[in-house]
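Chains as they are written, first to last, in this note's numbering: chain A, 919 to 1471; chain B, 841 to 951; chain C, 243 to 576; chain D, -13 to 230.
Backbone N, C-alpha and C define an ideal beta-carbon position, used for all residues, glycine too.
The structure presented is a predicted model; accordingly, all values stated were derived computationally and were not measured.
So the structure is just underneath, and the comments pick up after that.
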Amino acid sequence: MSPDITPTSTASATVRSAGAVMPARHYLNEQGGWASWLLTTDHKRIALLYLFSITAFFFLGGFFALLVRLELLTPGGDLMTSDVYNRAFTMHGVIMVFFFLVPSIPATLGNFLVPLMVGAKDLAFPKINLLSWYLYVIGGAFAIAAMIGGGVDTGWTFYTPYSSMASNSKVLTGAIGVFVSGFSSILTGLNFIVTIHRMRAPGLTWFRLPLFIWAHYATSLIMILGTPVVAITILLLAFERVLRVGIFDPTIGGDPVLFQHLFWFYSHPAVYIMVLPGMGVISELVAGFARKNIFGYSFVAFSSLAIAILGFLVWGHHLFVAGETPYSALVFSIISYMVAVPSAIKVFNWTATFYKGSISYETPMLYAFGFVGLFLVGGLTGLFVAAIGVDIHVHDTYFVVAHFHYIMVGGTLMAYLGGLHFWWPKITGRLYPEGWAKLSALIVFVGFNLTFFPQFILGYLGMPRRYHAYPDEFQVLNVMSTAGASILALGYLLPMVYFTWSWKKGKIAGDNPFRAKGLEWETTSPPPTFNFDRPPVVTEATHSYAHQEARVV
Amino acid sequence: MDATLRQEEHEHEHVVPKSLYLTIFGLLMVLTAATVGLAFVDLGVMNIAVALAVAVVKASLVVLFFMHVKYSSRLVQLVVLASIVWLLILFGITLSDYITRGWLVAPPIVR
Amino acid sequence: MESARALFPVQASTVAPRVDNLYFFLVAVSAFFAVLVTVLIIVFAVKYRRRHVDEVGAPIHGSLALELVWTGIPFILAMVMFVWGASVYFAIVRPPAETLDIYAVGKQWMWKFQHRGGQREINELHVPIDTPVRIILTSEDVLHDLYLPAFRVKMDAIPGRYTQLWFNATRAGTYHLFCAEYCGTKHSGMHGSVVVMPQNEYQAWLGGGVTEGTLAQQGEKLFTDLVCVTCHSAGSGQRGPELTGVFGSTVELANGERVTADAEYIRESILNPTAKIVAGFPPIMPTFQGQVSEEQLLALTEYIRSLSSSGGTAPAGGAAAPQPATQPDAQPQR
Amino acid sequence: MSDGAIAHAGGDPAPHAAAHPRLAHHFDTLGQQKDAASLGMWVFIAQEIMFFGGMFTAYLVYRMWYPAGYAAASNELDLVLGGINTAVLIASSLTVALAVHAAQEGRQKQIVWYLVATLLLGVVFLVIKYFEYESKLHLHPAHHAAANVRLFPMAGWFHVDGELVPVANEMRLFMVLYFALTGMHALHMIVGIAILLVILWMARKGAFTPRWYTPVEIFGLYWHFVDIVWIFLFPLLYLVNRHH
């Protein structure tokens, strides 16, 4: 596939699709019918199955977020009862964390791209990949059953003894949902690790890999080593809830704080499950739209591993006021600060990559700019909560809420949307409408900041999170936040609409509309079922834009 | 790790002689008997240490010989090592909280 | 309420300015880097915008010097923040030797405060100005968290265990008091106010309430009502240990272990008597689990404590007499 | 990885037409496929280690807190049955290792026999475990009195000199952990036996050759892992305080 298959004309844009044709035969049209989708073992189709289910959960979680924000419009707690409110924010958290953010990028873009980027025909275990989607769906079904049955009111963190002894909501059903979906995540991670180790194309050495792959490798490590711990913890919680005797039960001498240790052993690294793939996406976007290899490639690559590993050692910073000892707190605080360093390395390297690049402003790049900005705020405010003295004050307030939304929504979701736009032509063979996309990127950025920036101020003022009613003086900032959330909702609905539209009606994209580098762009759009018509052989690093013609195919 | 290595690994599959398996089995049985026997001797705090040490030796024998890790690729050995290290991280850092709970910051609660 | 400031919370304790100074430092560092990176990106994005469709970026692979700089500087700054944060933290968690102790029990969904003089309050806490106050926390059901934003302090109340929090209020006034750990339906209703009063007003407030005697006296009554006295007194024929002087001392257990008799130990001995049997006594004490509330446990503890301090219970409102520091033995504590 | 590797890969003799019938479409060689499978199993075992690790962490924390309770409760477990089960499980590890050995050497009948032996030993383990559980779960009328003691009377009550007395809380913690750990282990045994039945069926049909016996090997890894969990459970649960 030679790069000049996409004709070029004007100087300002790179997206050209005039004259491009869809390949006659590709993974989307080779087989038809429901069974061909529900029983598929093709990683690309499974990625799409994930995309649909994850999108559904995203909007469901978003619906609950809107309920929460609407309630907080007034201080009095007058829209719904506190029980309903508690269920709304819990379902928002459970759905967004376990059914959207954790699988978001890995299970969709990762599933689609990892085999393409390493030049393989599929993931190492295609059937296990399908199984992982079914586990996700079963877990999701439990979550929805819990929701229909009246919801869960424990907060997404399921802290004992409230969850095990006190709550009379559908904790068990929700916990089973989380437990099952955890195994979906584990199987995805297992598949990625084996694929990246064993299925790379000839010549694709570790240091020629796209940074997306490095990020997903690091993510998979966390999925494998962290997820089982939360799975067993949730199972022990269920055990305790059913039998009324359990190992976290303070009435028989158990320690509720032990639950928090075990829970956060996974759930803190889980934040990196969410954001590392996003960083991988951003590295691809920055390289692709600056037409430049990433500055300090090996530093960016190893910083992913460093984040994954150090990320495992910091969970106790969620327990600074939970009764953990000051000595432990010191250890967790200092390691938390160390995680800041590899994150900073990434941001500086991305910035340096722009230097002497050839930068264009297509939508994915706008999302990349947005990601860097929002991740910067999220990461820097991480420094506040890692400082134990300050965390004592802001812990469990809206400051923390704003901080992690900047990382998990500002970071992950921006990267997810950016990546979706970037690889949409590869996935569907068609282009998204650029104008609408740019508009929605702008709306998302503005709406996001309006929603979450006031929450930093609210948090420092002392407004605790998970509050149904609040003192009057916090109202102005809450109204701003709710206004922002409405704008944000519009920003998320727009892509949903135009992506759906472009699925059938978008312009034919051609194999490489952005003239980006990487094995995924060397095959047709959409790719054939087994990805490459001829097995690729690699002779240079992925982002070698400076010698365009050097690649041997 | 690429095609060359893969092929070699496959072609030179290490077949462990049957007698080695039987020897390992014998050792495991002896160690099981030893750990039960030692449990009846009062060694103070060393009881748990001895019991765990024997268990670690037994597990290592199974991993190295029955599971062929001694003859496996570096990567497999790394996976084994990594999971043990992570387990120790889970134990060690969690216990760092529990162990230091005796050392409360002065003055202790309600003195 | 005085904490009603638009953008910044009122500073009403000795640690509040220390927390805020660190906060301002963090804001400054963050703002610097945020502006730096944003400006660089905007400048690069404009200056190196794509001018020709075939243009590619310059093949710059990296610079070890730069990598070291932007690894080193963040690392050093991070360590400064860590040390600063830790020093503020220790000021927050380490109370001075002499404090005015107040007990707090979290319960779905209210805060119950007990003063040593016997006064009780719900969702309202009166404290004197310029006095180190220590709140000893526990919970009757689920996790709660006592949060006093004007003082910049917060601590979880954990069932089955005592935790503590201290502050020294510097401004008279009424401030928010929140539950900051999600605890169920009326979590947001579990908020109230802390009233900081000048010393004379505080003394007047203490005298104004009707009490059933000091907390220790209430404990003594319980001690009789629950017939603890039958076994735990000098003439009881050694069915149970006599309790005078026990509090704060080191107790030898039947299995040879030695533990310090602190509040946790007293609590465990009442609720789970067989867990730690004092050497020389039979394991015959029945459990009082389900029969005494956390508040009653605190009263009993306060009574047992009063049997150890020579001057009896501390006068109401006065700072508690500091107990002789005992060895922080490595006894298992929760 | 060097250029030599690329050259070699280019000359890889993997035309699909002549491929081994067991070679999946997305692999180049049987060797690659086997390596992927074995790495996959090892990664899965890493996951399993962390899964059990959560419970072991709880075990450690409470052992540190309640040494006396652990000691007393541990002595209530049946050392003879636990010891026999340890031997049974180690023997089953041997037979499964020998099954892999037989597969490597292409002895079809031996594969089947060793797998049958493994199956029997696995079943013996579970039967013994059943009787152990049964004796602990036996419901005494007196238990009904205790409100929060439902399925686990052993976790709430205790037999001393012919009389039932309430068990100290920390002993209950041990018993809860005993049931959680051994229960999860037994569940893994049951899953293992289900997989074993499938592999046995394949072995009877002569599916395994020295070139392709991946399922036997992968199953063996799993079975050994389950054995290793027990190797740790045995001293931690049964041998806490036997010298008293």
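By the 10 Å Cβ neighbour count, where 16 or more other Cβ atoms means buried, how is residue i classified, buried or exposed?
| i | result |
| --- | --- |
| D:Y116 | exposed |
| A:L957 | exposed |
| C:E544 | buried |
| A:E1458 | exposed |
| D:R228 | buried |
| C:P483 | buried |
| C:R293 | exposed |
| A:V1470 | Summary for A:V1470: the model assigns pLDDT 39, below 50, so the residue's position carries little reliability, and this model does not support an answer. |
| A:V1047 | Residue identity check: residue 1047 of chain A is Asn in the sequence provided, not Val. Buried, by the Cβ-count rule. |
| A:N1430 | buried |
| B:V870 | exposed |
| D:H6 | exposed |
| A:T999 | exposed |
| D:M140 | Caution applies to D:M140, whose pLDDT of 45 falls short of 50 and renders its modelled position unreliable; the model cannot decide the point. |
| C:P515 | buried |
Can you list, in chain order, the residues of its chain with a C-beta nearer than 7 Å to that of residue i? Leave out the 5 residues immediately preceding and following it.
| i | result |
| --- | --- |
| C:T256 | N410 and T412 |
| C:A248 | none |
| A:L1406 | V1362, G1365, F1366 and T1369 |
| A:T1026 | A965, Y968, L969 and I972 |
| A:F1157 | G1164 |
| C:V495 | Residue 495 of chain C is actually Leu in this sequence, not Val. Around C:L495: V501, K518, I519, V520 and A521. |
| D:A88 | Q96, I97 and Y100 |
| A:K1088 | A1064, G1067, G1068, G1069 and V1070 |
Can you find the residues in the same chain that come closer than 6 Å, C-beta to C-beta, to residue i, ignoring five residues on each side of it along the sequence?
| i | result |
| --- | --- |
| C:Y389 | K396, F420 and A422 |
| C:I377 | I344, A346 and L407 |
| A:P1282 | L1203, G1336, H1339 and F1340 |
| B:V856 | none |
| A:G1058 | F1017 |
| D:H174 | V212 |
| D:Y48 | L159 |
| C:V279 | none |
| A:E1467 | Note that A:E1467 has pLDDT 43, beneath the 50 cutoff, so the model's placement of it is unreliable and no number is given. |
Looking only at C-alpha atoms, which of the options sits nearest to residue i?
| i | options | result |
| --- | --- | --- |
| A:A1093 | A:F1016, A:T1137 and A:T1113 | A:F1016 |
| D:I217 | B:T934, B:S859 and B:A893 | B:A893 |
| C:P374 | C:G482, C:S430, C:T472 and C:V335 | C:V335 |
| C:E499 | C:K463, C:R394, C:V520 and C:G434 | C:V520 |
| A:S1399 | A:L988, A:R963 and A:F982 | A:L988 |
| A:F1374 | A:S1358, A:D1314 and A:Y1416 | A:D1314 |
| A:L1194 | A:P1260, A:R1384, A:Y1245 and A:L1376 | A:P1260 |
| A:A942 | A:P1444, A:N1449 and A:V1456 | A:P1444 |
| A:Y1413 | A:L1139, A:L1360 and A:A1061 | Before going further, note that residue 1413 of chain A is Pro rather than Tyr in the sequence given. Minimum Cα distance to A:P1413 is reached at A:L1360. |
| D:E34 | A:A1258, A:L1237, A:V1148 and A:W1421 | A:V1148 |
CB-CB under 8 Å to residue i, same chain, minus the five flanking residues each way: which ones, in chain order?
| i | result |
| --- | --- |
| D:H130 | At D:H130 the pLDDT is 41, less than 50, meaning the model places this residue with poor confidence; the figure from the coordinates comes in the next sentence. Nothing meets the Cβ criterion. |
Quick one: measure Cβ to Cβ for residue i and residue j, integer angstroms, because I've assumed they're closer than 8 Å.
| i | j | result |
| --- | --- | --- |
| A:I1104 | A:I1142 | 6 Å |
| A:P1128 | A:G1436 | 6 Å |
| Within 8 Å of chain A by C-beta, residues of the stretch 514 to 536 of chain C in sequence order | Hits within the stretch, in order: N514, A517 and Q531.
| task | Compile a chain-ordered list of the residues in the stretch 90 to 103 of chain D whose CB is closer than 8 Å to at least one CB of chain B. | result | Q90 and E91: these are the residues of the stretch 90 to 103 of chain D whose beta carbon lies less than 8 Å from some beta carbon of chain B, given in chain order.
| Of all the residues that make up the stretch 295 to 310 of chain C, which are near chain A by a beta-carbon distance shorter than 8 Å? | Using a CB distance below 8 Å, the part of the stretch 295 to 310 of chain C facing chain A consists of V295, D296, E297, V298, G299, A300, P301, I302, H303, G304, S305, L308 and E309, ordered along the chain.
| task | Select from the stretch 195 to 214 of chain D all residues with a C-beta closer than 7 Å to any C-beta belonging to chain B, and list them in chain order. | result | Answer set for the stretch 195 to 214 of chain D: L207, H210, D213 and I214.
| query | Which residues, taken in chain order from the stretch 914 to 936 of chain B, show a beta carbon closer than 8 Å to some beta carbon of chain A? | reply | Those would be L915, A922, S923, W926, I929, L930, I933, T934 and S936, in chain order.
| query | Using a beta-carbon distance cut-off of less than 7 Å, what residues from the stretch 486 to 503 of chain C approach chain A? | reply | Residues are counted here when their Cβ sits less than 7 Å from a Cβ of chain A; for the stretch 486 to 503 of chain C the count is zero.
| Contact set between the stretch 1241 to 1255 of chain A and chain B, restricted to residues whose Cβ is under 7 Å from the partner | The stretch 1241 to 1255 of chain A vs chain B, Cβ under 7 Å: E1242, T1243, P1244, Y1245, S1246 and V1249.
| query | For the stretch 1135 to 1160 of chain A, which residues have a beta carbon sitting closer than 7 Å to at least one beta carbon of chain D? | reply | If the cut-off is 7 Å between Cβ atoms, the stretch 1135 to 1160 of chain A has I1142, L1143, P1146, V1147, A1149, I1150, T1151, L1154 and F1157 near chain D.
| task | Output, in sequence order along the chain, the residues in the stretch 997 to 1029 of chain A whose CB is closer than 8 Å to any CB in chain C. | result | For the stretch 997 to 1029 of chain A, the beta-carbon criterion of a distance under 8 Å to any beta-carbon of chain C is satisfied by S1000, D1001 and N1004.
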